[in-house]
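Structure record follows, encoded as structure tokens.
Chains as they are written, first to last, in full-length UniProt numbering: chain A, 1 to 366; chain B, 1 to 272.
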């Protein structure tokens with residue numbers, strides 16, 4: 001049947017076909033790239049100090065010399081405070097959105113998020129452990145890891161949690177997603193309890209650190225943190241871009257994904273490691289920042305559809321732009337003080353998410 | 001060719017298949033029938049490689065256990081009994097997922113309109129732009145068949161026949177679309193591919209099967225051509241209920257009429 005029916009001429013110039021949203025996806029990626037660039041510029045040019053970025057940029061490009069004490073101060077502010085903060089904000093925003101997206105695809109549930117399956121809790125426990133007992137019980141670990149202690153402990157916490165989760169939910173080489181979700185909730189609760197004990201043990205200074213870390217903030221961004229977390233997040237983001245085919249197939253269920261040619265078990269293992277890496281490295285720097293991982297993929301799915309070939313880059317771009325914009329607000333709204341970024345994302349994300357859910361209540365519950 | 005010898009499958013410590021021998025040849029439609037719980041779906045899923053088994057299964061002359069998922073996906077496509085989607089795909093996007101494994105056998109430049117052609121074959125030409133979740137169960141099943149057709153578009157790939165595995169493909173369809181779908185399967189076989197289908201409708205099985213397997217309690221109770229398998233004694237034994245087999249004079253296709261047990265008191269009507 002087929003050879004005969006296929007004998008007519010090949011497709012002429014590609015035209016938009018009904019139900020084909022790939023054009024919208026490609027457009028979204030281009031538009032969001034522009035948006036991210038604009039927000040990056042905004043992030044570099046706004047701040048509590050009033051430092052002007054343009055002379056520094058012109059100097060860096062060799063277009064104009066830098067003159068005067070103020071200009072030199074601005075250079076320090078721009079290069080050592082705003083630039084690392086902008087880079088970390090971009091990477092963490094992208095990591096949070098893509099981690100949420102991959103978890104949702106893997107669990108076939110639009111509400112899944114590293115926060116839900118205990119990965120964030122595990123990463124948080126690692127970080128809290130270093131903050132509270134890093135100078136006492138864990139002193140040898142802190143001394144060995146040096147300035148990277150928080151990042152590595154958080155990453156390790158995320159990985160260990162994911163590993164336990166995976167072992168609990170896997171039987172005879174098959175990972176049961178429902179079991180994994182339930183186990184994740186239990187592990188998250190356990191990590192939360194241990195974290196609670198550590199918080200109970202903390203002194204006043206540690207409590208203040210914990211509170212600000214827990215609300216999420218990019219305020220401590222510096223080049224050391226960029227070097228500690230950046231490569232892990234970058235590697236996880238690049239790795240995630242190879243998951244689109246598998247995540248698309250997984251929306252039909254694991255068995256059908258296998259029938260479509262996906263090696264399901266290795267695929268799941270890789271996806272989980274990438275999520276643990278991105279989440280752990282992000283949580284170490286910025287603490288818990290909510291809503292990015294759920295809101296960004298959800299909004300994009302409404303606009304461009306659920307094709308992960310476009311959702312993954314679009315989520316990375318919008319997540320980065322959203323977090324940078326939220327960070328710009330958090331830095332300037334109560335200047336010279338600073339609002340933790342988690343408060344801004346929750347204030348924007350919470351009502352927005354509710355609005356989407358209410359608006360779509362009569363339609364499909366995606 | 002798909003060849004299975006001495007297949008045994010246990011799930012949760014319970015034996016589901018016990019020593020099943022099975023052959024599906026290119027150019028033919030092999031139909032599996034049997035009562036609920038007889039092991040039909042388990043047999044099909046085992047042939048897909050979904051379950052651990054003892055025995056030997058060969059797909060295209062190669063041991064199934066030695067095939068990687070992409071290799072197996074290029075040789076056969078599987079239509080499950082039901083499919084739920086977790087995200088809002090359009091019908092066209094669902095059908096295009098059939099190209100996940102690549103485009104072997106699809107002429108260059110042609111793949112972009114493959115979903116439309118596949119939808120046309122299952123009588124859903126105007127549905128490409130609709131959301132999958134808004135369709136009826138029967139329409140969703142036809143969309144899934146279009147996806148499966150995309151995966152094995154050319155029934156023969158570089159001299160190797162490819163297979164369609166269909167698990168109750170017509171269970172939620174009206175009679176017109178039952179015939180349409182079974183005709184799609186038959187044409188696939190006539191073009192050199194092979195079809196394995198599980199059917200509950202014995203008359204459809206009689207009409208479309210080139211070889212018929214009747215399963216009961218995890219064993220093959222009978223196999224052969226429909227006229228050999230569908231006899232009064234055998235269908236009554238396999239399905240454990242009163243059934244009568246008749247024959248349409250031409251083209252010599254058996255048909256099966258269920259008999260009410262409540263009518264046992266009245267004399268049985270002999271079907272000529």
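From the three backbone atoms N, C-alpha and C, an ideal C-beta is built for every residue, glycine too.
Per DSSP, residue 215(B) is one residue of the beta strand (DSSP E) stretching across 211-216. In the structure shown, residue 10(B) falls within a strand segment according to DSSP collapsed to helix, strand and coil. Within 10 angstroms of the beta-carbon of residue 57(B) lie 16 or more other beta-carbons, which makes it buried.
Between the alpha carbons of residue 345(A) and residue 289(A) lies a gap of roughly 7 Å. Secondary structure at residue 177(B): helix, using DSSP grouped into helix, strand and coil. Residue pairing from DSSP places residue 90(B) in a beta bridge opposite 131(B). Boundaries for residue 76(B): no alpha helix (DSSP H) harbours it, while the beta strand (DSSP E) harbouring it runs 76-79, taken from the DSSP string.
The beta carbon of residue 46(B) sits no closer than 8 Å to any beta carbon of chain A.
Put simply, the segment 157-164 of chain A does not touch the segment 225-240 of chain A. Fewer than three CB pairs are less than 8 Å apart. Against chain B, a Cβ distance below 9 Å from residue 255(A) picks out 45, 48, 50, 78 and 80. Residue 67(B) and residue 207(A) have their C-alpha atoms roughly 57 Å apart.
Of 235(B), 101(B) and 24(B), the smallest CA-CA separation from residue 216(B) is found for 235(B). Spanning the alpha carbons of residue 45(B) and residue 315(A) requires a straight line of approximately 36 Å.
Looking at 229(B), 227(B), 89(B) and 132(B), the one whose alpha-carbon comes closest to that of residue 21(A) is 89(B). Between the segment 245-257 of chain A and the segment 117-124 of chain A, the count of C-beta pairs closer than 8 Å stays below three; the two stretches do not touch. Take residue 79(A), set aside five residues on each side of it, and no residue of its chain has a beta-carbon closer than 6 Å to its own. DSSP places residue 161(B) within a strand segment (E or B) once states are collapsed to three. In chain order, 90 and 93 make up the part of chain B whose C-beta sits under 8 Å from the C-beta of residue 21(A). Sequence-distant partners of residue 179(A) (beyond 5 residues in either direction) whose C-beta falls short of 8 Å from its own C-beta, in its chain, are 168 and 169.
Contact between residue 202(A) and residue 84(A) does not hold, since their C-beta atoms are separated by about 28 Å, which reaches or exceeds 8 Å. Between residue 277(A) and residue 93(A), the C-beta gap is not smaller than 8 Å, which leaves the two residues out of contact. For residue 203(B), the three-state secondary structure derived from DSSP is helix. In the DSSP assignment, residue 29(B) falls within the unbroken beta strand (DSSP E) covering 29-33. Counted as a single uninterrupted DSSP element, the stretch harbouring residue 221(B) is not any alpha helix (DSSP H) but the beta strand (DSSP E) occupying residues 219-224.
Take residue 112(A), set aside five residues on each side of it, and the residues of its chain with a beta-carbon closer than 6 Å to its own are 103 and 104, in chain order. By the criterion of a C-beta distance shorter than 8 Å, residue 53(B) is surrounded in its chain by 7, 8, 9, 17 and 46, once the five residues flanking it on both sides are discounted. Annotation: residue 128(A) to residue 109(A) spans about 29 Å, alpha carbon to alpha carbon. Of all residues in the segment 136-160 of chain B, only 151, 153, 154 and 155 come within less than 8 Å of chain A when Cβ atoms are compared, listed by chain position. Under the criterion of beta carbons closer than 8 Å, residue 131(B) and residue 251(A) do not qualify as touching, at roughly 14 Å. The residue among 131(A), 136(A) and 164(A) with its C-alpha nearest the C-alpha of residue 148(A) is 131(A). Look at residue 248(A) here: in three-state DSSP terms it is helix.
Residue 241(B) counts as exposed, since fewer than 16 other beta carbons sit within 10 angstroms of its beta carbon.
Counting along the chain, residue 313(A) sits inside no beta strand (DSSP E); it lies in the alpha helix (DSSP H) bounded by residues 308-332. Between residue 224(B) and residue 173(B), the gap from beta carbon to beta carbon reaches 8 Å or more. Two segments are said to touch when three or more pairs of C-beta atoms, one from each, lie closer than 8 Å; by this definition the segment 176-184 of chain B does not touch the segment 100-113 of chain B. In this model, residue 199(B) and residue 189(A) are separated by some 48 Å (Cα to Cα).
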